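Enquirer: Sharing a structure below in structure tokens format, with a few things to ask.
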Amino acid sequence: MGAKLCGFRQTAYFSSSMIDRMEANSANSGEKFEIIQPEFTAKEFAIAELTWAKLKVRFNNQVGMEIFRQIFASCPKVKNLFGVQNREDQKALCDQRMARHTAIFQDIIELLIVDLSQRSDSLTQSLITLGAQHWFFTQRGFRPEFWVIFGNTLVNLIRSLPLSLSQRYLARRTWIKLIVYLLDCVMFGYFQQMNEVVVDPALLPPKRESA
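Under full-length UniProt numbering, the residues of the sequence shown are numbered 1 to 211, in order.
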């Protein structure tokens with residue numbers, strides 16, 4: 001695959017090679033592939049919670065909206081998924097459907113931190129299911145590369161926080177580990193579903209009209 005990530009302009013921590021790897025794993029029906037939850041130390045959990053709380057304060061509890069603001073700037077074609085490609089970024093973000101999606105997006109990140117700290121047995125499968133559901137949006141132009149852009153955007157937001165040198169290193173390492181797990185799960189679910197389902201275009205919803 002190796003697609004260019006929409007000319008992403010910030011530091012990139014994740015690349016399209018992740019997509020190639022998970023696509024290959026999902027297609028290998030001869031072997032059972034298992035995603036293992038990463039282990040986090042008490043310090044890693046503490047820095048994840050601290051930095052997430054700082055992001056919520058900085059962006060007035062609208063971290064999801066800020067993530068998409070930066071994604072739109074790096075990859076405007078993401079707007080097509082929500083039918084707001086003809087709107088300026090701020091107006092697009094204020095769209096009711098878009099606002100709902102950014103809120104859900106933020107909740108998923110927060111639940112990820114909580115569930116990993118509690119070693120939830122259902123977390124991995126829930127994330128795989130979430131990824132599988134995204135095959136439905138391929139008709140609207142969804143590409144797995146958008147998840148990679150999200151991961152890079154979130155880590156760059158974490159790096160922008162005022163932290164000590166040791167905190168900065170720990171935060172970057174922790175969030176990269178957390179996001180690799182998240183992306184592995186959703187990408188595996190997406191490609192697994194794409195491999196299993198023969199899509200009849202007549203069954204897909206019509207493309208959403210631009211707003």
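We put the beta carbon where it would ideally sit given N, CA and C, even for glycine. This structure is a prediction, so every number in the text was calculated from the model and none was measured.
Do the region 181-200 and the region 122-133 touch if we need at least three Cβ pairs shorter than 8 Å?
Expert: yes
Enquirer: Going by the beta-carbon positions, is the gap between residue 106 and residue 63 smaller than 7 Å?
Expert: yes
Enquirer: On the three-pair Cβ rule with 8 Å, is the region 165-177 touching the region 79-92?
Expert: The region 165-177 is not in contact with the region 79-92.
Enquirer: Closest by CA to residue 165, which one among 39, 47 and 6?
Expert: 47
Enquirer: Inspect the beta-carbon positions of residue 81 and residue 142 and report whether they are closer than 7 Å.
Expert: Contact: yes.
Enquirer: Who are the Cβ neighbours of residue 195 in its own chain at under 7 Å, not counting the five residues just before and after it?
Expert: 26 and 27
Enquirer: Under a Cβ-count criterion, where at least 16 other Cβ atoms within 10 Å of its own Cβ denotes burial, should residue 102 be classed as buried or exposed?
Expert: Per the 10 Å Cβ criterion, buried.
Enquirer: Closest to residue 72 by CA distance: which of 150, 51 and 171 is it?
Expert: 150
Enquirer: When DSSP labels each residue in this structure, what does residue 94 get in the three-state scheme?
Expert: Note: residue 94 maps to coil in three-state DSSP.
Enquirer: If you reduce the DSSP assignment to three classes, tell me which class residue 13 lands in.
Expert: coil
Enquirer: Provide the residue span of the alpha helix (DSSP H) that contains residue 176, from first to last.
Expert: Here the alpha helix (DSSP H) through residue 176 covers 165-196.
Enquirer: Would you mind stating whether residue 132 and residue 37 have Cβ atoms separated by less than 7 Å?
Expert: no
Enquirer: Measuring straight from C-alpha to C-alpha, what distance separates residue 130 and residue 110?
Expert: 15 Å
Enquirer: Apart from the five residues on each side of it in sequence, which residues of its chain come closer than 7 Å, Cβ to Cβ, to residue 184?
Expert: Contacts found: 22 and 35.
Enquirer: To the nearest angstrom, how far is it from the Cα of residue 59 to the Cα of residue 69?
Expert: 12 Å
Enquirer: Determine, for residue 13, whether the minimum Cβ-Cβ distance to residues of chain C falls below 7 Å.
Expert: No chain C is present in this structure, which holds just one protein chain.
Enquirer: Let me know if residue 162 comes out buried or exposed under the rule of 16 or more other beta-carbons within 10 Å of its beta-carbon.
Expert: exposed
Enquirer: Within a Cβ cutoff of 8 Å, which residues of the same chain sit near residue 157, ignoring the five residues on either side of it in sequence?
Expert: Here the set comprises 55, 63, 66, 67 and 70.
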